[in-house]
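These protein sequence lines are chains A and B, in that order.
Using my numbering, the first residue of the first sequence is number 129, and each one after it goes up by one.
Using my numbering, the first residue of the second sequence is number 26, and each one after it goes up by one.
Read the structure below first, then the notes.
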Amino acid sequence: MAASEAKRVLLVIRHSPYGSSLARASIDLALAAAAFDQDVSLLFLGDGVLQLCPDQQADAVGSRNLGRLLASLPLYDITQVYVDADAVTRYRLDLAAAPVTAQALDRQAISQLMGSHDHLVGF
Amino acid sequence: MIYSLLVMSSPASGHCAMTAARFAQALVARGHSIKRVFFLDAGCCNGSATAVFPQDEDQRLEPWVTLAEQNGVELVLCIASALKHGMLDDSEARRYDRPAATVHPAFIVSGLGQLVEAVACADRLVTFGG
């Protein structure tokens, strides 16, 4: 890798888990970044919080289970996982049962989080 | 300034991919450097050598080919997305026993690591579509 200095990258994930191939692509990018020792954080925003639904039955729609993939994030040393608190409330999501531990942030904290990174990659 | 571009929009839907190509042209004209343009998801179809657009519309492929051939801009299609969209270069077409390559030779088919590196090396990452 020819990168001169480590960049802090935030992946902003707005797609629900089985409505778009970009949902899977965003998690694949997180894993690829971790494999190259990049400092990567994840923010599930808006409909993207649905990726944190517990007990996803992906086989019912003929897809691979995204929740299971999310559960593997700590194995790749991806621990900076954040979630949009407003959307969690709107979808009545039980974060305690989510496949990966995520910290809920209000709008102001999300704004600060975005400001503290060098690059945002928006999906 | 060093830029990297991430293109996720299909050339067949909306103007987003065209905007990306025009943005890349503007960067070159202003003297900026482009580390890489990475095409993900439906964005991979921008590398199609076989797609046919109506003659009275702007051509989608030609601006990218010009950027690659005349300005040395590296164009990379995500291999996982490319295969799903039927975008195969010569070696992938042979590997999967398909009748022909569909990717224009100005484009490279490679992995997500190329996007990771493009992000790490850039002062600015600009995303189109998604």
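Ideal Cβ positions, reconstructed from N, Cα and C, are used throughout, including at glycine.
Quiz item: Whose C-beta lies closer than 8 Å to the C-beta of A/ALA199 among residues of the same chain, with five residues either side of it excluded?
Solution: On the first sequence, position 71 is the one that residue 199 of chain A refers to. Counting only Cβ-Cβ distances below 8 Å, and skipping sequence neighbours, we find PRO227 and VAL228.
Quiz item: Counting only runs that start and end within the segment 204–229 of chain A, where is the beta strand (DSSP E) found for 3 or more residues in a row?
Solution: The qualifying runs are 209–212.
Exercise. May I ask you to report which of helix, strand or coil DSSP gives B/LEU113?
Key: Here residue 113 of chain B refers to the residue found at position 88 when the second sequence is read from its first residue. In this structure, B/LEU113 counts as coil in the three-state DSSP scheme.
Quiz item: Can you name the residues that DSSP bridges to A/GLN231?
Solution: By one-based count along the first sequence, residue 231 of chain A stands at place 103. A/TYR210.
Quiz item: Does DSSP put B/ARG85 in a helix, in a strand, or in coil?
Solution: Stepping through the second sequence from its first residue, residue 85 of chain B is reached at position 60. It is coil, neither helix nor strand.
Practice problem: Please go through the same chain and pick out, in chain order, the residues whose beta-carbon is closer than 6 Å to the beta-carbon of B/PHE64, but skip the five residues on each side of it. | Solution: Against the second sequence, residue 64 of chain B aligns to sequence position 39. Within the same chain, B/PHE64 has close Cβ partners VAL32, ASN71 and LEU102.
Quiz item: Is the CB of B/VAL141 under 7 Å away from at least one CB in chain A?
Solution: Here residue 141 of chain B corresponds to residue number 116 of the second sequence, with the count starting at 1. Yes, contact with chain A.
Quiz item: Counting pairs of Cβ atoms below 8 Å between the segment 121–136 of chain B and the segment 88–99 of chain B, do you hit three or more?
Solution: yes
Self-check item: Beta-carbon spacing of B/SER29, B/GLY154 below 7 Å
Solution: Numbered from its first residue, the second sequence carries residue 29 of chain B at position 4. Numbered from its first residue, the second sequence carries residue 154 of chain B at position 129. Not in contact: B/SER29 and B/GLY154 (Cβ atoms no closer than 7 Å).
Practice problem: Report the rounded CA-to-CA distance for A/GLN184 versus A/SER154, giving the unit in angstroms. | Solution: The residue given as residue 184 of chain A occupies position 56 in the first sequence. The residue given as residue 154 of chain A occupies position 26 in the first sequence. Computed Cα separation, rounded: 18 Å.
Quiz item: Cα-Cα, which of B/LEU140, B/VAL98, B/LEU150 and B/ASP66 is closest to B/ALA107?
Solution: Indexing the second sequence from 1 puts residue 107 of chain B at position 82. The shortest C-alpha separation from B/ALA107 is found at B/ASP66.
Quiz prompt | Coarse secondary structure for A/MET129, derived from DSSP in three states | solution = Stepping through the first sequence from its first residue, residue 129 of chain A is reached at position 1. Reliability of the predicted coordinates at A/MET129 is poor, the pLDDT of 49 falling under 50, and the value obtained from them is presented with this limitation in mind. Correct three-state label for A/MET129: coil.
Quiz item: Should the segment 146–162 of chain A be called in touch with the segment 49–63 of chain B, which here means at least 3 C-beta pairs below 8 Å?
Solution: no
Quiz item: If contact means a Cβ-Cβ distance below 7 Å, which residues of the segment 127–155 of chain B contact chain A?
Solution: So the list reads LEU137, GLY138, LEU140, VAL141, GLU142, VAL144, ALA145, CYS146, LEU150, THR152 and GLY155, given in the order they occur along the chain.
Self-check item: Simplified DSSP assignment, three categories, for B/VAL144
Solution: The residue labelled residue 144 of chain B in the question sits at position 119 within the second sequence. In the structure shown, B/VAL144 sits in a helix (DSSP, three-state: H, G or I).
Quiz item: How would you list, in chain order, the residues of chain A whose beta-carbon sits under 8 Å from the beta-carbon of B/MET159?
Solution: Outside the modelled stretch of chain B, which goes from 26 to 155, sits residue 159 of chain B, for which no answer is possible.
Practice problem: Hey, could you find the ends of the alpha helix (DSSP H) A/SER149 is sitting in? | Solution: Within the first sequence, the letter at position 21 stands for residue 149 of chain A. Unbroken alpha helix (DSSP H) run through A/SER149: 149–163.
Quiz item: Within 10 angstroms of its Cβ, does A/ALA225 collect 16 or more other Cβ (buried), or is it exposed?
Solution: Here residue 225 of chain A corresponds to residue number 97 of the first sequence, with the count starting at 1. By the neighbour-count rule (16 or more Cβ atoms within 10 Å), A/ALA225 is not buried but exposed.
Quiz item: Is A/LEU171 near the ligand GDP, in the sense that its beta carbon is under 6 Å from a heavy atom of that ligand?
Solution: Looking for the ligand GDP in the displayed structure turns up nothing, as the structure carries no ligands at all.
Self-check item: Neighbour flag for A/ALA158 against chain B, beta carbons, 7 Å
Solution: Counted from its first residue, the first sequence places residue 158 of chain A at position 30. Cβ-Cβ to chain B under 7 Å: no for A/ALA158.
Practice problem: Would you mind reading off the limits of the beta strand (DSSP E) that contains A/VAL137? | Solution: As a working mapping, residue 137 of chain A is identified with position 9 in the first sequence. Per DSSP, A/VAL137 belongs to the beta strand (DSSP E) from 136–141.
Quiz item: Where does A/LEU171 fall in DSSP's three states?
Solution: Looking up residue 171 of chain A in the first sequence gives position 43. A/LEU171 falls in the strand class under three-state DSSP.
Exercise. Name, in chain order, the residues that DSSP records as bridge partners for B/ARG226.
Key: The requested residue 226 of chain B is not part of the displayed model; chain B covers only 26 to 155.
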